[in-house]
Structures are given as structure tokens and as C-alpha cells.
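Reminder that position 65 of the sequence shown reads as 66 in the numbering used here, one-by-one numbering, no gaps. Some notes on the structure that comes next.
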Amino acid sequence: MTESLDALRGAIRAATHAPEEDLLEAFVAAPALAGEQREAARAAAIDLVRRCRSQRRKAGTLDAFLQEFGLSNKEGIALMCLAEALLRVPDEETADRLIAEKIQSGDWGSHRGKSASRFVNASVWGLMLTGRIVRLDEEAVSDTGSWMRRLVNNLGEPVVRQAVLQAMRIMGGQYVLGRTISEALQRGVTENRRGTRFSFDMLGE
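Okay, here's the thing in C-alpha cells:
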């Protein structure tokens, strides 16, 4: 198995700068998995998913939050978009508009009482409240100044902004382990001892 993995890694390294067209032709020409290999992969995937789902009750509060607001619903997608984009927004005005757009787009009430986690249910109420505070309508697009003044009168956009930013930092820390590979490896030591393995992706932005 080690030799096979070494050979595969060597092939990946050798193809680092290969023309995409050549690689695609090779992939198309490569033999497909045999029937028993395909079935073995399917059985392993089903077993893994079932074991993960059976441990939901053991998951932490943030895991429970991400299970409720996953990529299978528009509210989860909105939160993930915020987590991915908000921390890179350079100015407060853009951040306020982004928060308003994403929070207003969600049907947060549909998640009320759905989770066994009190943390998640409290978060749902907070998102429902935030959605009412930062309701984005045509005035927000056509007259940003007036919309922002109304937001200040209701609660104050700095309060909403800082609350959402902090939440996004917490969410980001769940799946962004570090700014460098060495930092990510250091943070992953504890999980490695528990048997968790990571595949790291370095963003180039």
C-alpha cells in the first residue's frame, strides 16, 4: 500500500505543470473501476456516513450549528458565504450591506426548535432578530444613507456588524485551521491523536 501511495504521489508531483488538455485525455482513457471496486467504495462510503451520523449527539455545539445550517439549505449557504467573504471585506459599509443581504435572504424561522442543541435554537432566534433589524429592501439599494440611518435608530449597525463578524470568526475557525501549513499542522495535533486526518488546501488569494 505504501509503494502504491508513493507512486501516486510521484505521479501527482510530475503532473504539477502539465497541460490540462493532456491530463484530461489521460483521465478519459484510463480504465474505469471494476464492478467489485465500485461496490466496495460505495459500501465504505455508506458505512462512513452512518458512523458519522450516529455520533451527532456527541458533537460539540458548533458542530450541531453547522449540521442545522449546512449546505443543504439556503440559510446554511448564506452563512457559509458570509464566513468565506465577510472577513475579507475591506470597509464597514460593504460589510453592512453584505450582512443585510445574506441575513435577509434566509427563512430563519423554519429552523426554530429543529435542533436538540439549545445553543443552535438560541442562534436561530438571534438570526431571526437580526433579519428583522437589517431587512434589506429597495431603499437599501437606492438610498443607502437613509437605510443606514434607520438601522442606527433600531440598534446600530456597528453592533450587528461586530456580532456577525465574531460569529463568522468562530465558524471560520471550524474549518480553517491556520494561515500557513505549519500553523494548521500545529492546530491539528490534538485531532490527529484522536484519529482524525486532514487534507489541507492552501488558498492563493
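Glycine is no exception: its CB is placed at the ideal position from the N, C-alpha and C atoms.
When the distance is taken between beta carbons, is F199 closer than 8 Å to I182?
By one-based count along the sequence shown, residue 182 stands at place 181. By one-based count along the sequence shown, residue 199 stands at place 198. For I182 and F199, no; Cβs fall outside 8 Å.
Secondary structure at A45, three-state DSSP: helix, strand or coil?
Along the sequence shown, read from residue 1 onward, the residue named residue 45 stands at position 44. The answer is helix: DSSP assigns A45 an H, G or I state.
Alpha carbon to alpha carbon, how far is P32 from H18?
Start at 1 with the first residue of the sequence shown, and residue 32 comes out as number 31. Start at 1 with the first residue of the sequence shown, and residue 18 comes out as number 17. Taking the straight line from one Cα to the other gives about 23 Å.
In terms of residues, what are the limits of the alpha helix (DSSP H) holding F28?
Position 27 of the sequence shown, counted from the first residue, corresponds to residue 28. It spans 21-30 - the alpha helix (DSSP H) in which F28 sits, taken as one unbroken run.
Within 10 angstroms of the Cβ of R98, are there 16 or more other Cβ atoms? Answer buried if so, exposed if not.
Mapped onto the sequence shown, residue 98 falls at position 97. Looking at its Cβ environment, which holds 16 or more other Cβ atoms inside 10 Å, R98 is buried.
Once the 5 residues before and after I13 are set aside, which same chain residues still bring their CB inside 7 Å of it?
Residue mapping note: residue 13 aligns to position 12 of the sequence shown, counting from 1. No residues qualify anywhere along the chain.
Determine whether the beta carbon atoms of L178 and G196 lie at a separation below 8 Å.
Counted from its first residue, the sequence shown places residue 178 at position 177. Counted from its first residue, the sequence shown places residue 196 at position 195. No, the Cβ-Cβ distance between L178 and G196 is not below 8 Å.
Leaving out five residues on either side along the sequence, give the residues of the same chain with a beta carbon under 8 Å from the beta carbon of A42.
Position 41 of the sequence shown, counted from the first residue, corresponds to residue 42. If we look at A42 and ignore the five residues flanking it on each side, its Cβ neighbours are L34.
Along the chain, where does the alpha helix (DSSP H) containing S200 start, and where does it finish?
Residue mapping note: residue 200 aligns to position 199 of the sequence shown, counting from 1. From DSSP, S200 is part of no alpha helix (DSSP H); its letter is neither H nor E.
Along the chain, where does the alpha helix (DSSP H) containing R188 start, and where does it finish?
Position 187 of the sequence shown, counted from the start, is the residue given in the question as residue 188. Segment 182-188, the alpha helix (DSSP H) holding R188.
For V90, which residues of its own chain have a beta-carbon under 8 Å away from its beta-carbon, when the five flanking residues on both sides are left out?
Translated into positions along the sequence shown, residue 90 becomes position 89. If we look at V90 and ignore the five residues flanking it on each side, its Cβ neighbours are A96, L99.
Rounding to the nearest angstrom, what Cα-Cα distance links L49 and D92 in this structure?
Walking along the sequence shown from the start, residue 49 turns up at place 48. Walking along the sequence shown from the start, residue 92 turns up at place 91. So the two alpha carbons sit approximately 43 Å from each other.
Under three-state DSSP, which class holds A16?
Locating residue 16 in the sequence shown gives position 15, where the first residue counts as 1. In this structure, A16 counts as coil in the three-state DSSP scheme.
Is the beta carbon of L24 less than 8 Å from the beta carbon of A16?
Counting from 1 along the sequence shown, the entry for residue 24 is found at position 23. Counting from 1 along the sequence shown, the entry for residue 16 is found at position 15. Yes.
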